[in-house]
């Protein structure tokens, strides 16, 4: 490629995520080699491509804001706003107080106590496919488990799990609006208004019930949690519950299926992990690095800033490319190789700084339990032709046929 065509290819901007994303990764590699920051002059956005520079952006929330409310279009009439006062789209001091209160309820100890139940759920899902040679990984395993885990954790009655899962799947195309802070013109589609309002009313009713009649569940812990004499409002409890449903469901579903794809495309790696189960935790971190479920994290400059020598005016969008930083050769040896034994593995898939993912312990627990159970039963997983998400901010599949080979 000539210098001129190289420059033109970069200025054309990142290609859409198609299939396995190779075209996108190729563009990101060339852009990252050219410099740590690429200015998209067409949209006047600044793309940050190297690991250290993204860490720097994510470490300065007062300069690089997560609050996009000034850019978001007004909500359509009758549409609930689940991002209002949400952890993912607030800055200090509101974010500091919210996280302090929520952390009193959503604790690592509480999550660790879920292991027996997650193990039982994984066993039930695998028992249900016993005797089958092929499955559809998303619908048979990856999607059902996290929804039920979250429903049980919150205290949703088992009779309502099917409805809860319907809401989760119905809202899935919009989940990245919450997790990545993205707002698209028009907000949630009008056709989803009835479902969203039904879910909001349902969750609010549970919040009211727990204030009157506490139970041993996360809803109760959220309404009772205090920090500096403050409690969450009803709306904040509802919005965190929705965030947990959307982000937790999306991340775990995509990570489980991305793991199957990564192992399928890297001969010998599944056998290696199956033979040495101590590699399972590291395998999760490598899946998250190699095939992160979220492509980028947005920020918004509140004042004039400088990123790696590039001046950025206030009021500009910053696109922090997780795909790029997770394969930055300045930070990772052989970054394009999938290595379940990679250590250290400082990927940024769970973000960094004050917005570091609160659900990391749950994601790690779910993966280790489910993937360990799969390894117990199957010696190989052979992928068919996947169907991929068609959104720029999500990296993963909507459908993944898998042929199972019993151990």
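Residue numbers (the numbering used here): 410 to 816. Note that the Cβ used here is the ideal one computed from N, Cα and C, for glycine as well.
In DSSP terms, what residue i is bridged to
| i | result |
| --- | --- |
| residue 639 | 636 |
| residue 708 | 727 |
| residue 607 | Looking at the DSSP assignment, residue 607 forms no beta bridge with any residue, so it has no partner. |
| residue 812 | 543, 791 |
| residue 720 | 715 |
| residue 533 | Looking at the DSSP assignment, residue 533 forms no beta bridge with any residue, so it has no partner. |
| residue 454 | 449, 726 |
| residue 806 | 797 |
| residue 473 | 710 |
| residue 703 | 803 |
Same chain, Cβ closer than 7 Å to residue i, five either side skipped, listed in chain order
| i | result |
| --- | --- |
| residue 470 | 500, 501, 762, 763 |
| residue 428 | 797 |
| residue 662 | 547, 551, 552, 555 |
| residue 463 | 457, 729, 734, 757 |
| residue 678 | 672, 747, 749 |
| residue 520 | 770, 771, 774 |
| residue 740 | 460, 755 |
| residue 620 | 632 |
| residue 524 | 774, 778 |
| residue 442 | none |
| residue 570 | 557, 560 |
| residue 675 | 747 |
Neighbourhood of residue i by C-beta, 6 Å cutoff - its chain only, sequence neighbours within 5 removed
| i | result |
| --- | --- |
| residue 495 | 648, 652 |
| residue 671 | 696, 699, 700, 747 |
| residue 799 | none |
| residue 673 | 792 |
| residue 507 | 496 |
| residue 784 | 683 |
| residue 623 | 629 |
| residue 432 | 424 |
Reference residue i, options the options, closest by Cα
| i | options | result |
| --- | --- | --- |
| residue 720 | 457, 673, 693 | 457 |
| residue 614 | 566, 670, 640 | 566 |
| residue 575 | 654, 814, 811 | 654 |
| residue 797 | 789, 807, 788 | 807 |
| residue 578 | 460, 552, 463 | 552 |
| residue 750 | 515, 793, 693 | 693 |
| residue 641 | 465, 493, 656, 676 | 493 |
| residue 688 | 443, 564, 780 | 780 |
| residue 816 | 794, 571, 790 | 790 |
| residue 718 | 479, 624, 568, 444 | 444 |
| residue 612 | 645, 636, 639, 637 | 645 |
| residue 522 | 643, 639, 814, 625 | 625 |
| residue 430 | 745, 477, 638 | 745 |
| residue 572 | 656, 541, 786, 609 | 609 |
| residue 639 | 505, 622, 540, 603 | 505 |
| residue 787 | 669, 743, 435 | 669 |
Beta-carbon contacts of residue i that lie in its chain and below 8 Å, excluding the five residues immediately before and after
| i | result |
| --- | --- |
| residue 467 | 473, 706, 708, 729, 757, 760, 761, 762, 764 |
| residue 782 | 528, 531, 532, 535 |
| residue 526 | 558, 561 |
| residue 451 | 422 |
| residue 440 | 419, 423, 447, 456, 458, 733 |
| residue 715 | 721 |
| residue 437 | 423, 458, 730, 732, 733, 736 |
| residue 767 | 496, 508, 511, 512, 515 |
| residue 794 | 810 |
| residue 691 | 749, 750, 751, 752, 754 |
| residue 538 | 544, 549, 550, 813 |
Beta carbon proximity, residue i to chain C, threshold 8 Å
| i | result |
| --- | --- |
| residue 693 | No chain C is present in this structure, which holds just one protein chain. |
Integer-rounded CB distance, given that residue j should sit under 8 Å from residue i
| i | j | result |
| --- | --- | --- |
| residue 543 | residue 812 | 5 Å |
| residue 805 | residue 667 | 5 Å |
| residue 665 | residue 776 | 7 Å |
| residue 545 | residue 810 | 6 Å |
| residue 712 | residue 723 | 5 Å |
| residue 564 | residue 480 | The Cβ separation is near 35 Å, so there is no contact. |
| residue 643 | residue 616 | 5 Å |
Check: residue i C-beta below 7 Å from any heavy atom of the ligand ADP
| i | result |
| --- | --- |
| residue 812 | Within the structure as shown, the ligand ADP is missing, as the structure has no ligands at all. |
Discussion item. Under 8 Å, with one C-beta from each stretch per pair, do the segment 725-737 and the segment 459-479 reach the 3-pair mark?
Written reply: Result yes; three or more Cβ-Cβ pairs closer than 8 Å.
Worksheet item: Can we say the segment 676-687 touches the segment 517-535, given the rule of at least three CB pairs closer than 8 Å?
Response: Contact between the segment 676-687 and the segment 517-535 is absent, because fewer than three Cβ pairs lie under 8 Å.
Worksheet item: Given 8 Å as the limit, is there contact between the segment 508-524 and the segment 628-636, that is, 3 or more CB pairs closer than that?
Response: Output reads yes: the segment 628-636 touches the segment 508-524.
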